[in-house]
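**Student:**
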Ligand code: ATP
């Protein structure tokens, strides 16, 4: 029974994980009942990820032709780099992620992974190579241990424990009433936003895709939880190419590159230090957030 149950449950997990992963993604899943917007091209090959380099090359995009959303976005993420995308609400950050997953076709330009245009490969091979840490992770009504194992259903216990340690969840778990067997989800223990994101990070560490996208929770986390998440995230970023949508700039200080997106255009890019020295949009945003933190 378990053998039948697990894959079905897992599919449910993947669906809900994807569904909750990016803002408005559920709208895309409405499309599941309709004709898909994006289809594999005849003869599409499998994406072969060797290094995990990502390239957006003059990408244009609109949901409706009268309203351009991305207006010639170009950037490169080198293998194992961590790149953060910041910008005001509606700037187009989630849209960049949706295009990377090829939920929509670009209106112009190209997105490439290790030199392969993503519209020339199968969508299943593309999505297999990209892991998501969503804003709000779905937990099943089972133990916290099994919830983490969903990242790789055939992982042995030692692998799961390793992921738990790397996601900095071990202390939290050992303090739970029944340790790793504690039930979570709707009918069990409710986890905080920060704890749920660490569960998602542990799953991602288990899945170990070469490319990772992280949609930082907008809800404010206390600085203790935030620090745990940052440390856990840095474990992923060390080995994998990581793209982060960041709301709190404290998340991006160590990023190799920060892209500042405004109304569908990259208006600044560089490291935290370079952007501070530049004294432009990012520096202004940084000052505001620093002031907010000091008055918290
Ligand atoms: P936030 O920080 O608030 O999540 P964002 O930078 O991620 O914002 P996007 O979600 O990429 O912004 O949205 C960019 C623009 O595209 C917004 O004006 C939004 O209203 C519009 N948009 C997003 N999804 C759709 C859609 N499915 N159909 C039509 N317009 C959309």
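Residue numbers (UniProt numbering): 301 to 596. Virtual Cβ for every residue (Gly too), placed ideally from N, Cα, C. Remember, it's a predicted structure, so these values are computed and weren't measured experimentally.
Tell me whether residue 479, by its Cβ, gets closer than 6 angstroms to a heavy atom of ligand 1.
**Tutor:** False, no ligand heavy atom lies under 6 angstroms from that Cβ.
**Student:** Can you name, in chain order, every residue of its own chain whose Cβ lies under 6 angstroms from the Cβ of residue 582, other than the five neighbours on each side?
**Tutor:** Only 560, 568, 575 meet the Cβ criterion.
**Student:** Does any heavy atom of ligand 1 sit closer than 6 angstroms to the C-beta of residue 395?
**Tutor:** Answer for residue 395: yes, Cβ within range of ligand 1.
**Student:** Decide if the region 387-403 is in contact with the region 477-487; the criterion is three or more beta carbon pairs, one per stretch, under 8 angstroms apart.
**Tutor:** With a cut-off of 8 angstroms, the region 477-487 and the region 387-403 do not count as touching, because too few Cβ pairs lie within range.
**Student:** Of the residues 351, 546, 526, 418, which one's Cα is nearest the Cα of residue 513?
**Tutor:** Among 351, 546, 526, 418, the Cα nearest to that of residue 513 is on 546.
**Student:** Would you check if the distance between the CB atom of residue 360 and the CB atom of residue 407 is smaller than 7 angstroms?
**Tutor:** A contact, by the Cβ cut-off of 7 angstroms.
**Student:** Restricting to Cα atoms, I'd like to know which of 471, 437, 571, 413 is closest to residue 428.
**Tutor:** Ranking the options by Cα distance to residue 428, first place goes to 413.
**Student:** Just reading off the alpha helix (DSSP H) that residue 578 is part of, what are its end residues?
**Tutor:** Note, residue 578: alpha helix (DSSP H), 572-578.
**Student:** For residue 553 and residue 578, I'd like the C-alpha separation in whole angstroms.
**Tutor:** About 15 angstroms.
**Student:** Within 10 angstroms of the Cβ of residue 326, are there 16 or more other Cβ atoms? Answer buried if so, exposed if not.
**Tutor:** With a pLDDT of only 38 at residue 326, under the threshold of 50, the placement of this residue in the model should not be trusted; the figure read from the coordinates follows. Classification for residue 326: exposed.
**Student:** Which whole runs of the alpha helix (DSSP H) in the region 373-439 are 4 residues long or more, in chain order?
**Tutor:** Listed in chain order, the complete alpha helix (DSSP H) runs (minimum 4 residues) inside the region 373-439 are 393-400, 423-428.
**Student:** At the level of alpha carbons, what is the spacing between residue 419 and residue 409?
**Tutor:** Each residue's Cα considered, the two are about 11 angstroms apart.
**Student:** Let me check understanding here. Comparing Cα to Cα, which of 369, 364, 533 lies closest to residue 392?
**Tutor:** For residue 392, the nearest C-alpha among the options comes from 369.
**Student:** Among 465, 383, 426, which residue has its Cα nearest to the Cα of residue 515?
**Tutor:** Measuring from the Cα of residue 515, the nearest candidate turns out to be 383.
**Student:** Please return the same chain residues whose Cβ sits closer than 7 angstroms to the Cβ of residue 586, not counting the five positions on each side in sequence.
**Tutor:** Excluding sequence neighbours, residue 586 sits near 549, 576.
**Student:** Look at residue 352 and residue 379 and say whether their C-beta atoms are less than 7 angstroms apart.
**Tutor:** Yes.
**Student:** Whose CA, out of 423, 492, 538, 565, lies closest to the CA of residue 556?
**Tutor:** The shortest Cα separation from residue 556 among 423, 492, 538, 565 belongs to 538.
**Student:** For residue 294, does the three-state DSSP call read helix, strand or coil?
**Tutor:** Given a span of 301 to 596 for the chain in the structure shown, any question on residue 294 remains unanswerable.
**Student:** Please classify residue 343 as buried or exposed, where buried requires at least 16 neighbouring CB atoms within 10 angstroms.
**Tutor:** It counts as exposed.
**Student:** Between which two residues does the alpha helix (DSSP H) holding residue 478 run?
**Tutor:** Segment: none, residue 478 is in no alpha helix (DSSP H) and carries neither H nor E.
**Student:** Should residue 364 be labelled buried (16 or more other beta-carbon atoms within 10 Å of its own) or exposed?
**Tutor:** So residue 364 counts as exposed.
**Student:** Could you spell out where the beta strand (DSSP E) holding residue 513 opens and where it closes?
**Tutor:** Here the beta strand (DSSP E) through residue 513 covers 511-515.
**Student:** Who are the Cβ neighbours of residue 532 in its own chain at under 6 angstroms, not counting the five residues just before and after it?
**Tutor:** Cβ within range, chain order: 467, 468, 498, 501.
**Student:** Within this structure, are the beta carbons of residue 455 and residue 449 separated by less than 7 angstroms?
**Tutor:** Yes. Within cutoff.
**Student:** CB of residue 369 to nearest heavy atom of ligand 1: below 6 angstroms?
**Tutor:** Correct: residue 369 has its Cβ closer than 6 angstroms to ligand 1.
**Student:** Spatial neighbours of residue 509 within its chain, please: CB distance less than 8 angstroms, with the 5 preceding and 5 following residues excluded, ordered by chain position.
**Tutor:** Once the five neighbours on either side are set aside, the close Cβ partners of residue 509 are 428, 429, 430, 431, 540.
**Student:** Spell out the partners DSSP gives residue 547 in its beta bridges.
**Tutor:** DSSP lists no partner for residue 547.
**Student:** DSSP has residue 539 in a bridge; who is on the other side?
**Tutor:** Bridge partners of residue 539: none, in fact.
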